[in-house]
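J.:
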Amino acid sequence: MPIRTVMVVDDSATDRHVLAEMLASGGYVVIAVASAEEAQMRIRTERPDAILMDIVMPGKNGFEATRELQRNDATRDIPVIVCTSKSQPTDRIWALRQGAREVLVKPVQRARLLETLARLG
Numbered sequence: 599m600p601i602r603t604v605m606v607v608d609d610s611a612t613d614r615h616v617l618a619e620m621l622a623s624g625g626y627v628v629i630a631v632a633s634a635e636e637a638q639m640r641i642r643t644e645r646p647d648a649i650l651m652d653i654v655m656p657g658k659n660g661f662e663a664t665r666e667l668q669r670n671d672a673t674r675d676i677p678v679i680v681c682t683s684k685s686q687p688t689d690r691i692w693a694l695r696q697g698a699r700e701v702l703v704k705p706v707q708r709a710r711l712l713e714t715l716a717r718l719g
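With this note's numbering as the guide, the letters of the sequence shown map in order to residues 599 to 719.
1. Going by beta-carbon coordinates alone, are Lys658 and Ser633 separated by less than 9 Å?
2. With DSSP collapsed to three states, give me the class of Ala632.
3. Which value, in whole angstroms, describes the spacing of the CA atoms of Leu712 and Met605?
4. CA-CA distance, Thr673 and Ser610?
5. Going by DSSP in three states, Val706 sits in which element: helix, strand or coil?
6. Less than 8 Å between C-beta atoms, sequence neighbours within five positions excluded: which residues of the same chain meet that for Arg699?
7. Terminal residues of the continuous alpha helix (DSSP H) containing Met620?
8. What's the C-alpha gap between Leu667 and Asp675?
9. Ala637 and Ala663 look like a contact to me (Cβ under 8 Å); what is the Cβ gap, rounded to whole Å?
10. To the nearest angstrom, report how far apart Asp647 and Arg708 are at their CA atoms.
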């Protein structure tokens, strides 16, 4: 199924804005939220086709949120792409083990982001 609606989960207003602009310019509908907790509430009603997930956030971090999404029958089919400034190989491995389909390091390149979404859709 093609990806049309993407949820951006990032506590940084700047990063949310930059990612949302990239996605909108690529023709995607964007749902931007500031926390994993807000994402979990809105996923129930807005059902995104993909999720861009930051790792370091207050409250529940992106690793925990990704793991919970992948363990839930209602959300496990939604691809999660981790977008993080953490560039250590161990962070990438851990994100993938939690269920992320891809890991992109910030600053995210627009072409790479759009290619990743096209490939996962």
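Glycine included, each C-beta is placed from N, C-alpha and C at the ideal position.
T.: Considering the structure as presented:
1. yes
2. coil
3. 14 Å
4. 24 Å
5. coil
6. Pro677, Val678, Ile679 and Leu718
7. Ala611 to Ser623
8. 9 Å
9. 7 Å
10. 18 Å
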